[in-house]
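Residue numbers (the numbering used here): 4 to 434.
This report refers to the structure that appears directly beneath it.
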Amino acid sequence: MARYQYSSLDTEADEIRLIKLMPGLPGQKITFKIFHTSVIRGPIAKPKTGPRMEVEELEKTVTKEWIVKETLEGRYLFLHLKEPKNSWDHPDPGVHPSLYCLPKNEEVVSTQQEYDALSYVWGSTNEKIEVQIQTESDRSCTLMIGANLADALEHLRYPDKARTIWIDAICINQDDIQERNSQVPQMRSIYSLAKSVIVWLGPDADGSGHALHTLVYFAAQVEFSIDETYGDAPKAQEKTWWDPRVPLPWNKETWASITALFQRPYFRRVWVLQEVMLAPNAIVQCGYDTAPWTSVRKAMLVLVEKPALEPELFEFLNRYRSGILAEVARNVPRILLWARSRQCTDPRDRVYGLLGLMCPSIPKLIGPNYDEPLCHTYRKMALAHIQITQRLSILRCCELDNNANRNWPSWVPDWTVAQNSLFGFRKGHSR
C-alpha cells in the first residue's frame, strides 16, 4: 500500500488540514481521511454588550461584610467575610443579574468545518504505528504516526460515527519546513476556533481515573479569583477545603494517584500551555476518563497552598502555577521564564510555542522560521517585545554568563537555560 503524499495548502485562503477519524472498536485498525478547510480570521467570540459592571463599581453596591471577586472563568463571586454563605447572586435581590452575570457570547466566528483539536505529547520517535488513510479517490494509503498519538486516536474515535479533529503531527506536513513556518502563526486561530480541545494525558494507569475524579470534586468545593483570593464555592459540600490550614481527608493512594497524574510527560511540554489557555472548552482525558480543564487548573492553584504536600508534588505545582495564572500568561517575560523549565523538540519553540498567548503585534514582528539560527529567533523575540512595549523589561531574562558561553550578544536572553526568577527579582515562593 502506498505512503500518503501531502498536497500543498492554499496559504492565501488560510487553509489548514483536518482529519475525519472513522468509527471503530478497540483493537481495530485506525482509519481516517485528511481534507483541507479554511480558517476564518477575526475575533473568536465577542461578548454581547450589556450593562455588566466592573468589580470596583459592583463593590460599591454591597455592604462591608461582602467583597466581590472575579474568578478565572470571568464570573463574579460574592464573598462573605464572616459567614460561609458565598454566592453567585448579589446579596441585594433588587440588583438586576444583568449588572453582574457573565454575558453570553455572540455567535462564535468559525471555520467551514466544526472540529476538535488535540493537545498531546509526541513521545518517542522510535516507536511508530501504521495507520490507514482513505483518499478522496477512495484509494487507501498508509502513514506512520507515534505510539502515543495512536493510543489517543484509539480512545478518541467513536464506535458509530466519524469525528473531525485537528492534530499537528498529521495536519501539518512535518517534512515541509516552509509549511511549518506558515502554520505556527495559525495556532491561535486553530485552538481558539475548535469546538473543544482534548488534553490527552495517555492511557489509564496509576489510578488516573480516581485522580481526575478527586480533582474535579475538590475543584467543586473551592473558588479562586484572578487576584489569587481563595474561598468556598457557593454550593460547597466541604466547607473550608480552600484553607491551607485545613488538611484534606485523602489517603496515601489518592495522593499517589494525583502525583502520578502530574508526573506525566504532558505537563513538561512547552506547547501545551497556549493550547489549553486558548481553548474555549478544554477536556482533560486519561484513558476513557475525562475532566474539565477548568476544574483541573483550579485544583492545581488551590492545592499548591497546602503545606502538607509531598515535596515532588509541591515542586511541580509551584513551578506550573505561574503558567496557568491568566495574569502571568499575559506577561511575556514571565511566560518565557515559565517555558525555560519545559521541554520541546526544537529550542525555537520556547518562543514559537507561546506566540498564541502574546498580543498579536508581537508574532507579526517575529515570523517563525525553523531554518534560522537559534540566536536569531531569540533576538527577534527580544527586539519585538522592546518595540511593542517601549520598555526594556525583557532584558531581565538575560543571564550574562550563559550568553558569553553561547557567544551571542549579552542583551539576547538564552531561554534554553533554566532560571528560577527574572534578573533583579529574586524573591522566591515561600511556604
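Quick reminder that beta carbons are idealized off the backbone N, C-alpha and C, glycines included.
Reducing DSSP to helix, strand and coil, say where residue i ends up.
| i | result |
| --- | --- |
| Glu139 | coil |
| Ala5 | coil |
| Cys378 | helix |
| Leu357 | coil |
| Met147 | strand |
| Val305 | helix |
| Ile389 | helix |
| Tyr269 | helix |
| Thr40 | strand |
| Ser90 | strand |
| Gln346 | strand |
| Leu398 | helix |
| Thr161 | Contrary to the premise, residue 161 reads as Tyr rather than Thr in this sequence. Coil, per DSSP. |
| Tyr103 | coil |
| Tyr194 | helix |
| Thr14 | helix |
| Leu84 | coil |
| Thr297 | helix |
| Ile173 | helix |
| Gln240 | coil |
| Ala155 | helix |
| Arg409 | helix |
| Gln189 | helix |
Which residues mark the beginning and the end of the alpha helix (DSSP H) in which residue i is found?
| i | result |
| --- | --- |
| Arg181 | Here the sequence assigns Gln to residue 181, which means Arg is not the residue at that position. Per DSSP, Gln181 belongs to the alpha helix (DSSP H) from Ile180 to Gln186. |
| Glu59 | Val58 to Glu62 |
| Glu256 | Lys255 to Phe265 |
| Phe213 | In the sequence as displayed, the identity of residue 213 is His instead of Phe. It spans Ser211 to Gln224 - the alpha helix (DSSP H) in which His213 sits, taken as one unbroken run. |
| Tyr323 | Pro314 to Ile327 |
| Leu368 | Ser364 to Ile369 |
Report the partner residues of residue i according to the DSSP bridge assignment.
| i | result |
| --- | --- |
| Cys289 | Gly205 and Asp292 |
| Lys131 | Gly149 |
| Val200 | Ala120 and Ala285 |
| Glu233 | It should be noted that the sequence gives Tyr, not Glu, for residue 233. Bridge partners of Tyr233: Phe227. |
| Tyr79 | Glu73 |
| Thr34 | Gln135 |
Hey, quick one: how far does the beta strand (DSSP E) through residue i stretch, first residue to last?
| i | result |
| --- | --- |
| Trp169 | Arg166 to Trp169 |
| Lys23 | Glu18 to Leu24 |
| Glu73 | Trp69 to Glu73 |
| Leu276 | Careful: Leu276 lies outside any beta strand (DSSP E), inside the alpha helix (DSSP H) at Val275 to Met280. |
Sorted by chain position, which residues of the same chain lie with C-beta nearer than 7 angstroms to residue i's C-beta, five sequence neighbours on each side aside?
| i | result |
| --- | --- |
| Asn184 | Pro371, Asn372 and Tyr373 |
| Ala302 | Leu218, Phe221 and Ala222 |
| Gln240 | Gln224 |
| Arg434 | The predicted position of Arg434 is uncertain, since its pLDDT is 32 and thus under 50; no value can be drawn from it. |
| Val305 | Val225, Phe227, Tyr233 and Trp245 |
Should residue i be labelled buried (16 or more other beta-carbon atoms within 10 Å of its own) or exposed?
| i | result |
| --- | --- |
| Ile369 | buried |
| Arg337 | buried |
| Gly141 | Per the sequence shown, residue 141 should be read as Asp rather than Gly. Asp141 is exposed by the Cβ-count criterion. |
| Met190 | buried |
| Pro366 | buried |
| Lys32 | exposed |
| Pro416 | buried |
| Glu278 | buried |
| Ala16 | exposed |
| Thr348 | exposed |
| Gln177 | exposed |
| Gly326 | buried |
| Glu57 | exposed |
| Ser228 | buried |
| Cys400 | buried |
| Thr297 | buried |
| Gly205 | buried |
| Ser211 | buried |
To which residues of the same chain is residue i closer than 6 angstroms at the C-beta, ignoring the five residues directly before and after it?
| i | result |
| --- | --- |
| Ser192 | Val42 |
| Thr293 | Ile286 |
| Pro350 | Leu377 and Thr419 |
| Leu105 | Gly77 and Arg78 |
| Ser11 | none |
| Ala421 | Arg343 and Ser344 |
| Thr243 | Val249 |
| Asn284 | Ser199 |
In chain order, what residues of the same chain have a beta carbon less than 8 angstroms from the beta carbon of residue i, not counting five sequence neighbours either side?
| i | result |
| --- | --- |
| Val187 | Tyr355, Leu358 and Pro371 |
| Gly126 | Gly149, Ala150, Asn151, Leu152 and Pro268 |
Determine, using beta carbons only, whether residue i comes closer than 8 angstroms to chain B.
| i | result |
| --- | --- |
| Ala172 | The displayed structure is made up of one protein chain only, and chain B is not part of it. |
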